[in-house]
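From first to last, the protein sequence lines are chains A and B.
Under the working numbering, the first residue of the first sequence carries the number 1, and numbering increases by one thereafter.
Under the working numbering, the first residue of the second sequence carries the number 229, and numbering increases by one thereafter.
The beta-carbon is built from N, C-alpha and C at its ideal position, and this holds for glycine as well.
For reference, the structure discussed in these notes is given below.
There are 2 protein chains.
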Amino acid sequence: MATILIVDDEPDIREVIRFALEGTGFRVLEAGHADEARKLMQSEEPDLILLDWMLPGRSGLELAQQLKQNPKSRGIPIIMVSARGEEEDRIRGLETGADDYIAKPFSPREMVARVNAVLRRSKPEESSDQIEIGGLRIDNVSHRVTAEGQRIDVAPTEFRLLHFLMSHAERAFTRSQLLDQVWGEQIYVEERTVDVHVRRLRKALEETGHDNLLQTVRGVGYRFSDKP
Amino acid sequence: MATILIVDDEPDIREVIRFALEGTGFRVLEAGHADEARKLMQSEEPDLILLDWMLPGRSGLELAQQLKQNPKSRGIPIIMVSARGEEEDRIRGLETGADDYIAKPFSPREMVARVNAVLRRSKPEESSDQIEIGGLRIDNVSHRVTAEGQRIDVAPTEFRLLHFLMSHAERAFTRSQLLDQVWGEQIYVEERTVDVHVRRLRKALEETGHDNLLQTVRGVGYRFSDKP
DNA sequence: CCCGGTCGTCACATCCTTGTCACGGGATCT
DNA sequence: AGATCCCGTGACAAGGATGTGACGACCGGG
C-alpha cells in the first residue's frame, strides 16, 4: 500500500485530498510547510508527494528542487498542486522535476487518477528492462530470469508478476493491485490466485537458493525485497 | 552522448524537453516545423527524433512517414509526442513507423526513460555482414550459413529470419515483431507461420548438431541464443 | 510443360500454464 | 485458550500455446 505525503498550508485542501486518497486505500501523511515535510520524509519514506506550489516561506517549487537534487529523495515522484491553472506555472513545475501537475479546482477523482498514473510509471525509473536485486536478475528484453548466471525457468504470468514486483521493489501490493497491474484491469480472477503464483515463484527461486525475496505482508499482500 | 532532435511548434514544450534531456547529458537540437527539421537532419545527423504529432502545415505524421521512407534517415528512431492521449492516434503513430509514443502531459522522467529505452533498443542495429554465435556463422554477403565450415542449406525466408534473430541475439521477439521485421510490415501472414519457419530452421541446424540456438519463449515468441 | 524448391495454412498431438479448491498450519485478537 | 482470519500447499482439470507432418499453390528453370 503506497504512502502519500501531502504538503499544503491549507488544512481544508489537505482534508479533501486525504479523504479522496484514503478512500482508495492509500496511507496519507500531511505537512503544513516545507520543514515539516522534510521531517516526515526522513521518518516515513513516502512513495509520492503532493506538493502545493505556493507555500509560505520557501515556495513549493524550491522544496521540489531540493528533493530532486538529493539522491535519496530524487526517486520519489512529485505532483505539483497549484491554485492557478497558468500554463507558465505548469512549465516551471515540470522543469524542476515534478512528474505531474494538477490545477487547484480539481475533482477528487482526477486527483486519484493522477496519483495512480504517476505511481504506475514512477518506479521503473531507468530502463526497467534489466533489474537486479539481491542477486536475482530479471531481463525484460531477453525475457530471462537468472541468479548468478544460472537461469531460472518461469512461466509467462509468473514472469510478469516477478517483473512487476522487482521493478517496484520494497513496496507492498495488495492482491487486488497485483491483479490489476499484472493480469489487467478487466480480467477477473480470484484474489487467492495471486498466492498460488507467488508460491510457484518462490519454489522456482528456492531451487537456486534465493529465499525470502518474495515476502508476504500479512493483511496486505506481497512485496519483493532483498532485505529480510 | 547521443544527439536528440525535438520537432515541435510550441517553444515551451521544447524548453521542457530540452531541460530534461540536457540534464541527463544529451545534446539537444530544436526545430519548430518540418522544414527546419529536414534541414537539421542533414547537417547534424541526430540519433533520435522527438516528433510532435500536430505540426502546422504538414502534420508530424507525414514527416515521420517521409523519414522512414528515406533510406538515409530510416534507421533513426522516432518517438511521437501527442497532445491527445487517444489510443487511435497511438496506433496510427506506431503504424507509420514511430518507435515509441508518449502522450503530452508527460513527466520529464518518463521522457528521459523512453528516450533511453528507444536508444538502447535501436543500438544493436549493427548490420554487420558476418555474425558468428555459438559456432554458427551467417554471412549476409555470400548469403550462406555455416557451422564449422560445414554448409547449411537454408531457404531465403529462413535466411532472413535467422539473420535477424542472430543480429539481435539474446533478445526475445513476438511473432508479430518477427513478421514486421522479416516479412515486412504490410504483408499479412498468419502468426503461426513463424513457428513453421522456426521449425524448418531448427531442423536444418540440428543436422549439424546445433540444437537449442533457436529458443522458444513461452507466451512471447522466439529468441536466438547460444546460452542454454 | 514438368519438376524441384519454397512458402503459407491446416489439423492434430502434446506439453505447459493457469485458475480454483480444499485442507491445514499459523498468526492474531479477545 | 478458543475463535477467527490469513496464508502456504498440493492436486487437478480445462484451456492455451507450441511442435510437427502434410498439402496445395506458386514460381523459375530446365
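{"query": "If the criterion is Cβ atoms closer than 9 Å, does the pair R171/A and R223/A meet it?", "result": "yes"}
{"query": "For a quick check, are the C-beta atoms of L278/B and L233/B less than 9 Å apart?", "result": "yes"}
{"query": "Leaving out the 5 sequence neighbours to the left and right, which residues in its chain are closer than 6 Å to V445/B when beta-carbon positions are compared?", "result": "A400, R451"}
{"query": "For F19/A, count the other beta carbons within 10 Å of its own beta carbon; 16 or more makes it buried, fewer makes it exposed. Which is it?", "result": "exposed"}
{"query": "Starting from A383/B, find everything on chain A with Cβ-Cβ shorter than 7 Å and list it in chain order.", "result": "Result: empty, since nearest Cβ-Cβ is about 27 Å, beyond 7 Å."}
{"query": "Between Q294/B, G377/B, G449/B, K296/B, which lies nearest to V424/B when the distance is taken from Cα to Cα?", "result": "G449/B"}
{"query": "Give me the Cβ distance between V369/B and P305/B, rounded to the nearest whole Å; I'm assuming they're in contact under 8 Å.", "result": "That pair is no contact at about 26 Å."}
{"query": "Mark G60/A as exposed unless 16 or more other C-beta atoms lie within 10 angstroms of its C-beta, in which case mark it buried.", "result": "buried"}
{"query": "In angstroms, rounded to a whole number, what distance separates the CA positions of T193/A and E158/A?", "result": "11 Å"}
{"query": "Starting from F106/A and walking both ways along the alpha helix (DSSP H), at which residues does that stretch end?", "result": "Neither: F106/A is in no alpha helix (DSSP H) and is coded neither H nor E."}
{"query": "Report the residue ranges of all beta strand (DSSP E) runs contained in full by the stretch 358-420 of chain B; include only those spanning at least 3 residues, in chain order.", "result": "358-361, 364-367, 372-375, 378-380, 400-402"}
{"query": "State yes or no: is the beta carbon of A230/B nearer than 9 Å to at least one beta carbon in chain A?", "result": "no"}
{"query": "DSSP puts I49/A in a beta bridge; with which residues?", "result": "L5/A, I78/A"}
{"query": "Based on Cα-Cα distance, which residue from V343/B, E435/B, R403/B, T402/B lies nearest to V382/B?", "result": "E435/B"}
{"query": "Is any beta-carbon of chain A found at less than 9 Å from that of E398/B?", "result": "yes"}
{"query": "Please compile the residues from chain B whose C-beta is within a distance smaller than 8 Å of the C-beta of S142/A.", "result": "E398, R399, A400, R451, S453"}
{"query": "Determine, using beta carbons only, whether V448/B comes closer than 9 Å to chain A.", "result": "yes"}
{"query": "Using 8 Å for Cβ pairs, my map puts L29/A next to P46/A. What's the rounded Cβ distance?", "result": "6 Å"}
{"query": "Go through its chain and collect everything with a Cβ distance to I245/B's Cβ below 7 Å, but skip five positions before and after it.", "result": "I234, L278, M339"}
{"query": "Can you name, in chain order, every residue of its own chain whose Cβ lies under 6 Å from the Cβ of L389/B, other than the five neighbours on each side?", "result": "V410, H425"}
{"query": "Assuming contact is defined by CB atoms lying nearer than 9 Å, are D454/B and G377/B in contact in what I supplied?", "result": "no"}
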